[in-house]
Amino acid sequence: MVAAESQSIDDNDRQTQLLRGALDMCLLALLAREPAHGYELVRRMETAGFGAISYGTIYPLLTRMRRLGLVAHEQQASPTGPPRKVYALTRSGRVHLDAWQKQWNRFADTVSAVLDPLDHSPTRS
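Its first residue numbered 207, the sequence shown is counted upward by one per residue in the working numbering.
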């Protein structure tokens, strides 16, 4: 039982590290499809299969990307409360997303090549 719990913790840690390296790119990709507010982006990330991502992760990243000029926001009225900031990709954000996507694809191809060697011989103990 302890081994299973340890594996789960290791898997969660690994998933967190992988997400950390790709989250900004994923958010830009979601915004390239359609502008959204932070809550909607969290929902889209969960729907995409990333699991629960906290608002405390998304909002600071959106703020940083706004400062970098990758996204812009505008206030829109909300039917259930205060106005929402709806984020959209800027031209600079699109340029960065395109470059990051190419970089990611090269990286993923390299990792796949290392993980899937032609020789599937068993490992030695």
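Backbone N, C-alpha and C define an ideal beta-carbon position, used for all residues, glycine too.
Residue interval of the alpha helix (DSSP H) (run including residue i)
i       : result
Ser-318 : 297-321
Glu-240 : It is not in any alpha helix (DSSP H) - Glu-240 carries neither H nor E in the DSSP assignment.
Gly-262 : 261-273
When the options are compared against residue i, the one with the closest alpha-carbon
i       : options                            : result
Ala-305 : Pro-288, Pro-285, Met-231          : Met-231
Asn-218 : Pro-285, Arg-250, Ile-259, Glu-246 : Ile-259
Rounded separation between residue i and residue j - CA only
i       : j       : result
Tyr-265 : Gly-244 : 6 Å
Asp-322 : Thr-316 : 10 Å
Pro-289 : His-279 : 12 Å
Thr-253 : Arg-239 : 15 Å
Tyr-261 : Asn-311 : 27 Å
Gly-275 : Ala-319 : 35 Å
Other residues of its chain near residue i: CB distance less than 7 Å, five sequence neighbours each side excluded
i       : result
Val-277 : Leu-237, Leu-268, Met-271, Tyr-293, Ala-294, Leu-295, Thr-296, Gly-299
Extent of the continuous beta strand (DSSP E) run through residue i
i       : result
Glu-252 : Neither: Glu-252 is in no beta strand (DSSP E) and is coded neither H nor E.
Ala-283 : 277-284
Beta-carbon contacts of residue i that lie in its chain and below 8 Å, excluding the five residues immediately before and after
i       : result
Ala-242 : Leu-236, Arg-250, Val-292, Tyr-293
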